[in-house]
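Residue numbers (this note's numbering): 18 to 436.
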Amino acid sequence: MTTPTAEAAGTGQPTATQSTPVARRERAPRRGPADLPFTFPDVGLANALAAERSEPDWLRDERVEAAEAYESLPLELNQLYTTYVDLRAGDLFAARPYVRTASEPEAGTRSELPHDVAGLIELREDGVAQLVLDREAAARGVRLETFGRLLAIDPDGLRADLEGGRSLPANDKLAMLARAFWTQGVRLVIPDGVQLERPILLRWAVGAPGRGLISRTLVKLGVRASASVVEELVPSGPVPSDAGQALFSGTLEAVLDDHAQLAVASLQDLGPNVVAFQHRHATLGEGANLLWALAQLGSRIARSRVDNRLEGDRSSVEQVEIVFGSEDQVFDLTSYTRHIGRDTTGNLLSKGALHGSARSYMKGLITIEKSAVGTDSFLGEFGMNLSRRTRAVAIPSLEIDQPDCRRAMHSSSVGPIDE
């Protein structure tokens, strides 16, 4: 019998008593349902973005602060919802985020404004395909511009809007993703007293395989201003069935001054290779009114969060979000509404219809603070399963610190239709 030498044993080389090992295929690391499907965001990227885009020091500091918060936060803070997250179908580990993006359409681009809108901006991947504003609206002080353009013509104004992240929740990981790593941004400003009869159209065309676009949209309405915004999320082009995945992560941050009125209609119809993260955050002043009408149709995974802060007395929000899911789509919808002012009103409704093996998680929380005397708030979440393999979850909840309410209630149901 031959004894293996110490050298051979230490090096793993085959000896007289060893057989050649069979090569084993490395397994991909196991991912939990709440693990993000990418790893590129970090403090180094935040610094690199600021440097490569030649941004001012205040914006670099803003990015780094948000990146540090992003790294420290879990994806889901609410313990009620931690088991109702599943991002395992996402695979963006090879995706590359856009770094440099256009701030204006290319020279010579001819933009035509449809007769039924007051303004149009179309962002196509890392470019600006169209940007046009009605002359009358522009003469009344309405502004529709990219963040890149604002850094060139009004850096102090952009700094006042962005610094400190006041228009985004500091405890949300994906909100900090947008704050730290955005590379395209849009700001719409409606001055005091201006009332637009026709909507502003924001169109995002994305989905190039292996790419990621992280964006922010800021909408500001002055005292007694009113406007409507139509947001379209559509594919940038045809995508083969075996194409790699793409990332779109975007915010819509609305700030309504006293007695302002804003209506937002959003249609998400992205391609089946897209992982979409959407975050909407609104702050309402006294007597302000906000309407959300949101439709989720496309994408492989869609995670949507809406935060409403009713700070002003007699402010109100009405929110409707619908889902039509098929095949193996996953929809993750969360709604947070915080009543702070007196006599505020909230009506929040989520509905889903699922086919194939689609899944939906509808989660919501109404918080009524001690100062919110006279609150009237309702949260409803309803799912309809059109096949045996679909799964839907509805979890509405309330936190009430003020017993003097007109109404504080929630309702939910999930089930199949009668055959």
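The beta carbon of each residue, even a glycine, is placed where N, CA and C say it ideally should be.
This one's a predicted model, so the numbers in the text were calculated from it and none came from an experiment.
Do the CB positions of residue i and residue j come within less than 9 Å of each other?
{"i": "Ala305", "j": "Ser333", "result": "yes"}
{"i": "Ile217", "j": "Leu137", "result": "yes"}
{"i": "Leu191", "j": "Val116", "result": "no"}
{"i": "Phe294", "j": "Arg233", "result": "no"}
{"i": "Leu273", "j": "Gly302", "result": "yes"}
{"i": "Ser377", "j": "Val347", "result": "yes"}
{"i": "Phe198", "j": "Pro58", "result": "yes"}
{"i": "Val236", "j": "Ile207", "result": "yes"}
{"i": "Gly364", "j": "Ser394", "result": "Checking the displayed sequence, the identity of residue 364 turns out to be Asn instead of Gly. Yes, Cβ-Cβ distance for Asn364 and Ser394 is below 9 Å."}
{"i": "Thr56", "j": "Leu185", "result": "no"}
{"i": "Glu79", "j": "Glu180", "result": "yes"}
{"i": "Pro252", "j": "Asp209", "result": "no"}
{"i": "Val211", "j": "Gly239", "result": "yes"}
{"i": "Arg50", "j": "Asp103", "result": "With the sequence shown as reference, residue 50 is identified as Pro, and Arg is not the correct amino acid for it. Yes."}
{"i": "Leu314", "j": "Leu219", "result": "no"}
{"i": "Ala111", "j": "Leu213", "result": "no"}
{"i": "Gln201", "j": "Thr118", "result": "yes"}
Please state whether DSSP places residue i in a helix, a strand or coil.
{"i": "Phe198", "result": "helix"}
{"i": "Ile412", "result": "strand"}
{"i": "Ala260", "result": "coil"}
{"i": "Val281", "result": "strand"}
{"i": "Val60", "result": "helix"}
{"i": "Gly432", "result": "strand"}
{"i": "Arg42", "result": "Unreliable placement is indicated for Arg42, whose pLDDT of 49 sits below 50; no coordinate value is reported for it."}
{"i": "Arg424", "result": "strand"}
{"i": "Ala299", "result": "strand"}
{"i": "Arg65", "result": "The sequence given here places Ala at residue 65; Arg does not occur at that position. It is helical."}
{"i": "Leu438", "result": "Any answer about residue 438 is impossible in this case: the structure gives the chain only from 18 up to 436."}
{"i": "Arg176", "result": "helix"}
{"i": "Ala242", "result": "coil"}
{"i": "Leu218", "result": "strand"}
{"i": "Ala293", "result": "strand"}
{"i": "Leu273", "result": "strand"}
{"i": "Leu250", "result": "strand"}
Name the DSSP beta bridge partners of residue i, please?
{"i": "Glu335", "result": "Leu308, Asn364"}
{"i": "Ile417", "result": "Ile385"}
{"i": "Gln147", "result": "Glu139"}
{"i": "Glu121", "result": "Looking at the DSSP assignment, Glu121 forms no beta bridge with any residue, so it has no partner."}
{"i": "Lys380", "result": "Thr351, Ile412"}
{"i": "Val206", "result": "Arg160, Lys237"}
{"i": "Met401", "result": "Ala370, Gly432"}
{"i": "Val340", "result": "Gln313, Gly369"}
{"i": "Asp393", "result": "Thr362, Arg424"}
{"i": "Phe265", "result": "Leu230, Ala293"}
{"i": "Val134", "result": "None, per the DSSP bridge assignment."}
{"i": "Gln212", "result": "Ser243"}
{"i": "Arg406", "result": "Paired residue(s): none; Arg406 is not in a bridge."}
{"i": "Arg183", "result": "Its beta-bridge partners do not exist; DSSP assigns none."}
{"i": "Pro114", "result": "Gly229"}
For the alpha helix (DSSP H) holding residue i, just list the boundary residues, first then last.
{"i": "Phe164", "result": "164-170"}
{"i": "Val89", "result": "Before going on, a small fix: residue 89 reads as Ser here, not Val. Element bounds for Ser89: 74-89."}
{"i": "Ala154", "result": "152-156"}
Residues in the same chain with beta-carbon distance under 7 Å from residue i, minus the five sequence neighbours each way, listed in chain order, please.
{"i": "Asp133", "result": "Arg215"}
{"i": "Ile434", "result": "Met401, Leu403"}
{"i": "Tyr2", "result": "In this structure the chain extends from 18 to 436, so residue 2 is not present and cannot be described."}
{"i": "Pro122", "result": "Ser128, Val145, Ala146, Gln147, Leu148"}
{"i": "Val390", "result": "Arg359, Gln419, Asp421"}
{"i": "Leu167", "result": "Gly174, Leu175, Arg204"}
{"i": "Pro91", "result": "Lys190"}
{"i": "Phe341", "result": "Leu314, Ala370"}
Going by beta carbon distance, what residues of the same chain come within less than 8 Å of residue i, once the five residues before and after it are set aside?
{"i": "Arg77", "result": "Ala63, Asn64, Ala67, Ala68"}
{"i": "Asn290", "result": "Gly224, Pro226, Val256, Ala260, Gly261, Gln262, Ala263, Arg317"}
{"i": "Val60", "result": "Val81, Ala84, Glu85, Glu88"}
{"i": "Glu328", "result": "Thr300, Leu301, Gly302, Ile357, Gly358"}
{"i": "Asp178", "result": "Ser184, Arg204, Leu235, Lys237"}
{"i": "Glu142", "result": "Tyr115, Ala222, Val223, Ala225, Arg228, Leu230, Ser253"}
Ordered along the chain, which non-local residues of its own chain (more than five positions away) have a Cβ less than 6 Å from that of residue i?
{"i": "Thr384", "result": "Arg355, Glu416"}
{"i": "Ser128", "result": "Gln147, Val149"}
{"i": "Leu230", "result": "Tyr115, Val223, Phe265"}
{"i": "Ser343", "result": "His372, Gly373, Ala375"}
{"i": "Ala282", "result": "Val247, Ala310"}
{"i": "Ser245", "result": "Pro216, Ala280"}
{"i": "Ile339", "result": "Ala312, Lys368"}
{"i": "Val323", "result": "Arg297, Ser352"}
{"i": "Val431", "result": "Gly400, Ala409, Ala411"}
{"i": "Leu396", "result": "Leu365, Gly381, Ile383, Pro413, His427"}
{"i": "Arg241", "result": "Gly210, His276"}
Note the first and the last residue of the continuous beta strand (DSSP E) segment covering residue i.
{"i": "Asp324", "result": "318-327"}
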